[in-house]
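Data first, discussion second: the structure below is written as structure tokens.
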Amino acid sequence: MSDSIKITGARQNNLKNVSLEIPRDRFVVVTGLSGSGKSSLVFDTIYAEGQRRYVESLSSYARQFLGIMDKPDVDSIDGLSPAISIDQKSTSRNPRSTVATVTEIYDYLRLLFARVGVPHCPAPLPDGKHCGKPVQRRTAQSIIDEIMKLPEGAKLMILAPIVSRKKGEFQYIPEQYMRSGFARARVDGVVYALDEFPELQKSYKHDIELVVDRLVMRPDMISRVSQSVEQSLELAGGIVQVLDADSSKILTYSQRYACVDHPGEEIPELEPRLFSFNAPQGACPVCTGLGTRMEIDPSLVFNKNLTIAEGAIRPFNRFSVDAWYMKRLEAVAAEHGFSLHVPVRELSDDVRKLLMYGTGEQKYRVELGNGRHYDSTFEGIIPNLERRHRETDSDFMRKDIERFMRERKCTACKGTRLKPVVLAVTVSGLSIMDICNLDVENALDVFSQLKFDDNEMKIVKLVVKEINARLGFMNNVGLNYLELGRAANTLSGGEAQRIRLATQIGSGLQGVLYVLDEPSIGLHQRDNDRLIKTLKHLRDLGNTVLVVEHDEETIAAADFLVDVGPGAGVHGGEIVAAGTPAEVAQNPASITGRYLSGAEKISVPKKRRAVEKDRKLVVRGAKENNLKNIDVEFPLGVMTLVTGVSGSGKSTLVNDIVANELTARLHRAQTVPGDHDRIDGVKQLDKAIVIDQSAIGRTPRSNPATYTGVFTQIRELFANTPEANIRGYKAGRFSFNVKGGRCENCQGDGVIKIEM
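Note that the working numbering has the sequence shown beginning at 3, numbered continuously upward.
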């Protein structure tokens, strides 16, 4: 096997026919100015060719599912391994993905809880809490022993509940069970002979129990009781009821997971899918496992400066005064003594509440004109919008209503995503969501202290080992602060990249080319050393680690350094220097080398812009996530930097609180700000712009000119030339997105696809 990767004649993008030899099984860093051609060399050439060759080695059947990358513009690449890219672009946007699911930790947690979890009774109590008693399956023998303890002489009926709270007529029951030798059934609390089975209304829910045996309790009846109990358990799927004829008291026994005090609150069979919020067995039925749901925001409903007659109800401001809904509002206003011609801000809180939530079943006389009228209820603005959003099949209608909605934590599951019955299963006193609410560091402590008996340890030994390994890898790449239940779509590009890096280390692959894009981005200098150790560990497994990086510590730690430049764009695309960091530092042609050697350095500005003390944005009582009720002042008109170690709360403060609050107040965005008391000084701002790491191009034709809007001016410039005027060309003629000006052979893509 070759001990190096040899690239010859690379011309992808701005690369100028470069040739380079990179050592294999080493930690290699590629650096250079922004736009110099680093990514063109590493991702668009080396990785693309490595991935393409590997996919081409598979069968044609497998290739159709993977998709093959375009061949890069390069003469040859020798010594290449199968390549895996860990970049910052492929963060999951799925709202169901969490840190635990993308690292597969959640899969192992589901297996752990399904095998050694202890179920507890989820029955709600009057004080709002849950019963919480540990529940176990009852064996047939324990049920028999319990019944035999009943007082001698008690008149008992042993029942098999075959229908429980179900609608229907159930006329098949008499014939079916009379053939099996049964004579009686208890229907909705009344005992009937099967040949006198009542006619039931199919629109009502019914309870039906077969009378398996009737007896007067004596100590010598254990054989008869055993036979009757086992027959009932078989007929009713593991449930038997005992009715005391004198007191009419019913005792319910179950072979399923159920509490003695609440036999009706059963816990289903413990299996991994029960603990999944992506499966109907475990997901909260209200939010379907998302943990959040769209709800009408009352603050978006009214324009308080207008009257209702002028269109103050924003969702209905297109209705005319004569519209039927407005006539109904007039009837409500007349009944409750308020006017539709008064600004909403002057209406009382009770009236605004009445308008938003309705008046239940109260009837109103709605005048339709010409002596006609109609009696109607008033359901309220918010229930009306929620119903229409739920029932409509129109995407336009749904999106129109969603303008007045915000995403909020699900009130049914409190954001846990799971049913109460699932959260009632614990391991060492913790539910699966209790563990997901821990950060990586605390989760490591919990799993290092878990105790299991010998039988349980045989079952979960490998499961706990895998969980600890993945937590350890995440801790080593500086992600110890991340909660396992944190949504994956809230992670920064750097965090998502380091999660995938930890997952790859856990895979234990050897002989692979790993390609990474600035893994240190967003990482505090304190955690850099751990990241570098992780990258070297990946190398020591027998892999080549190729990193595009600007961080000085990472560059200095490299086994081999490649400097691409000397400038950006057309002024770059060349290999300026290649060798060890010490060799590059001595190369006078390398800008990176001059900074490494200390010949050049970034000077601290001597003069800074003055801060106006009166112009500031003040956050009061920030309490979201790990913020401890802090007050923060941000001066306006200057550049302010928020820094701190990874996980200290920077993003929570800036993004979750400040950005979300400003976009909600200034632009009526649907974002929900993090927990805080208030923000002062917002009136000094007229807009808030959030610049994040999300991709900007939505179509293959997008480019910097179209995204920035410059291309519109360019097209208008060409449309105003004399030749364009003579030919009658408008600005649209110079667009590659519409017919007329674009090349119809490629339809404006610039490339054509040829079936091979």
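Yeah, the Cβ is synthetic: ideal placement off N, Cα and C, and Gly gets one too.
This structure is a prediction, so every number in the text was calculated from the model and none was measured.
Backbone secondary structure at I164 - three-state DSSP: Translated into the one-based positions of the sequence shown, residue 164 becomes position 162. DSSP places I164 in strand when its eight states are reduced to three.
Tell me which residues share the same chain as F304 and place their Cβ nearer than 6 Å to its Cβ, disregarding the 5 neighbours each side in the sequence. As a working note, residue 304 is residue 302 in the sequence shown. Excluding residues within five positions, the ones whose Cβ falls inside 6 Å are A314, V346.
Which of helix, strand or coil DSSP assigns to G734
Taking the first residue of the sequence shown as 1, we reach residue 734 at position 732. In this structure, G734 counts as helix in the three-state DSSP scheme.
**Prompt:** Is M435 buried or exposed, if buried means 16 or more other CB atoms sit within 10 Å of its CB?
**Reply:** Here residue 435 refers to the residue found at position 433 of the sequence shown. Around the beta carbon of M435, a 10 Å sphere encloses 16 or more other beta carbons of the protein chains shown; the residue is thus reported as buried.
Taking the alpha carbon of N536 as the reference point, which residue from D147, G487, N478 has its own alpha carbon closest? Within the sequence shown, the letter at position 534 stands for residue 536. According to the sequence shown, residue 536 is Thr rather than Asn. It is N478.
Whole-angstrom distance between T309 and V323, CA atom to CA atom:
Translated into the one-based positions of the sequence shown, residue 323 becomes position 321. Translated into the one-based positions of the sequence shown, residue 309 becomes position 307. Confidence at V323 is low in this model, with a pLDDT of 49, below 50, so the placement of that residue is unreliable and no value is reported for it.
query = At which residues does the beta strand (DSSP E) containing L217 begin and terminate?
reply = Taking the sequence shown and counting its residues from 1, the one referred to as residue 217 is at position 215. Start and end: 207-218.
Notebook entry, point to check: Is the beta carbon of S99 sitting closer than 8 Å to the one on A490?
Noted result: The residue you call residue 99 lines up with position 97 of the sequence shown. The residue you call residue 490 lines up with position 488 of the sequence shown. A contact, by the Cβ cut-off of 8 Å.
Roughly how many angstroms lie between the CA atoms of R541 and V564, to the nearest whole one?
Start at 1 with the first residue of the sequence shown, and residue 541 comes out as number 539. Start at 1 with the first residue of the sequence shown, and residue 564 comes out as number 562. Approximately 17 Å, taken between the alpha carbons.
Beta-carbon contacts of V137 that lie in its chain and below 8 Å, excluding the five residues immediately before and after: If you number the sequence shown from 1, residue 137 lands on position 135. These residues qualify, in order along the chain: P121, H122, C123, Y259, A260, C261, I269.
Using CA atoms only, rank isn't needed, just tell me which of F406, T379, S378, D248 is closest to H391. Position 389 of the sequence shown, counting from 1, holds the residue named residue 391. Out of F406, T379, S378, D248, F406 has the C-alpha closest to the C-alpha of H391.
Tell me, which residues are paired with T505 by DSSP?
The sequence position of residue 505 within the sequence shown is 503, counting from 1. T505 is not bridged to any residue.
Starting from the Cα of K207, find the closest Cα among E171, G183, S522 and give me that residue. Along the sequence shown, read from residue 1 onward, the residue named residue 207 stands at position 205. Of the listed residues, the one whose Cα sits closest to K207 is E171.
Return the bridge partner residues of R188 from the DSSP annotation. As a working note, residue 188 is residue 186 in the sequence shown. R188 is bridged to V193, E211.
**Message:** Contact between the stretch 593-606 and the stretch 41-54 is defined here as three or more beta-carbon pairs at a separation below 8 Å; is this criterion met?
**Reply:** no
### Message
DSSP three-state label for E154, please.
### Response
Translated into positions along the sequence shown, residue 154 becomes position 152. Note: E154 maps to coil in three-state DSSP.
Following the continuous beta strand (DSSP E) through Q243, name the residue where it begins and the one where it ends.
Position 241 of the sequence shown holds residue 243. Counting along the chain, the beta strand (DSSP E) containing Q243 begins and ends at 241-246.
Quick check on I469: does DSSP put it in helix, strand or coil?
By one-based count along the sequence shown, residue 469 stands at place 467. The answer is helix: DSSP assigns I469 an H, G or I state.
- Item | the stretch 47-54 in contact with the stretch 604-613 per 3-pair CB rule at 8 Å | no
**Item:** C-alpha gap between E79 and T33, whole angstroms
**Value:** The residue labelled residue 79 in the question sits at position 77 within the sequence shown. The residue labelled residue 33 in the question sits at position 31 within the sequence shown. Looking at the sequence shown, residue 79 is not Glu but Ile. Taking the straight line from one Cα to the other gives about 20 Å.
Extract the residue ranges of the alpha helix (DSSP H) inside the stretch 640-698, only unbroken runs of 4 or more that lie entirely within it. With a minimum length of 4 residues, the continuous alpha helix (DSSP H) runs that stay inside the stretch 640-698 are 662-669.
Reference S21, options R13, P583, L511, closest by Cα: On the sequence shown, residue 21 is found 19 positions in, with the first residue counted as 1. Residue R13 is the option with its Cα nearest to S21.
Where do the ends of the alpha helix (DSSP H) carrying A64 lie?
What you label residue 64 is simply residue 62 of the sequence shown in a count that begins at 1. Taken as a continuous stretch (DSSP letters only), the alpha helix (DSSP H) holding A64 covers 62-68.
key: For I7, the residue or residues it bridges with in DSSP   = Here residue 7 refers to the residue found at position 5 of the sequence shown. DSSP lists I24 as partners of I7.
Please list, in chain order, all residues of the same chain as D5 whose beta carbon is under 6 Å from its beta carbon, the five residues on each side excluded. Locating residue 5 in the sequence shown gives position 3, where the first residue counts as 1. If we look at D5 and ignore the five residues flanking it on each side, its Cβ neighbours are R26.
So, using beta-carbon positions, are E393 and I298 closer together than 8 Å? For this step, residue 393 is matched to residue 391 along the sequence shown. For this step, residue 298 is matched to residue 296 along the sequence shown. It is not a contact, given that the beta carbons lie outside the stated cut-off.
- In this structure, does DSSP put V323 in helix, strand or coil? Position 321 of the sequence shown holds residue 323. Unreliable placement is indicated for V323, whose pLDDT of 49 sits below 50; no coordinate value is reported for it.
Practice task
Determine the DSSP secondary structure at T254, reduced to helix, strand or coil.
Solution key: As a working note, residue 254 is residue 252 in the sequence shown. Correct three-state label for T254: strand.
Taking the C-alpha atoms as reference points, what is the distance between A559 and V547? To locate residue 559, count along the sequence shown from 1; it is residue 557. To locate residue 547, count along the sequence shown from 1; it is residue 545. Each residue's alpha carbon lies about 12 Å from the other.
ask   = From H526, L503, S509, pick the residue whose C-alpha is nearest to that of D519; which is it?
value = Looking up residue 519 in the sequence shown gives position 517. D519 has its Cα closest to that of L503, out of H526, L503, S509.
request  = Helix, strand or coil for N19, going by three-state DSSP, please let me know.
outcome  = Position 17 of the sequence shown, counted from the start, is the residue given in the question as residue 19. Coil.
Taking the alpha carbon of N545 as the point to measure from, which residue in P568, F562, L511, H526 has its own alpha carbon closest? The residue given as residue 545 occupies position 543 in the sequence shown. Minimum Cα distance to N545 is reached at L511.
Along the chain, where does the alpha helix (DSSP H) that runs through A612 open and close? Here residue 612 is taken as the residue at index 610 of the sequence shown, counted from 1. Careful: A612 lies outside any alpha helix (DSSP H) and carries neither H nor E.
* Every unbroken alpha helix (DSSP H) inside the stretch 293-348 [4 residues or more] -> 326-338
Are V101 and E409 touching if we call contact CB-CB under 8 Å? Translated into the one-based positions of the sequence shown, residue 101 becomes position 99. Translated into the one-based positions of the sequence shown, residue 409 becomes position 407. Not in contact: V101 and E409 (Cβ atoms no closer than 8 Å).
What number of angstroms, rounded off, separates the C-alpha of I149 from the C-alpha of G291?
Against the sequence shown, residue 149 aligns to sequence position 147. Against the sequence shown, residue 291 aligns to sequence position 289. Near 41 Å, if we compare the C-alpha coordinates of G291 and I149.
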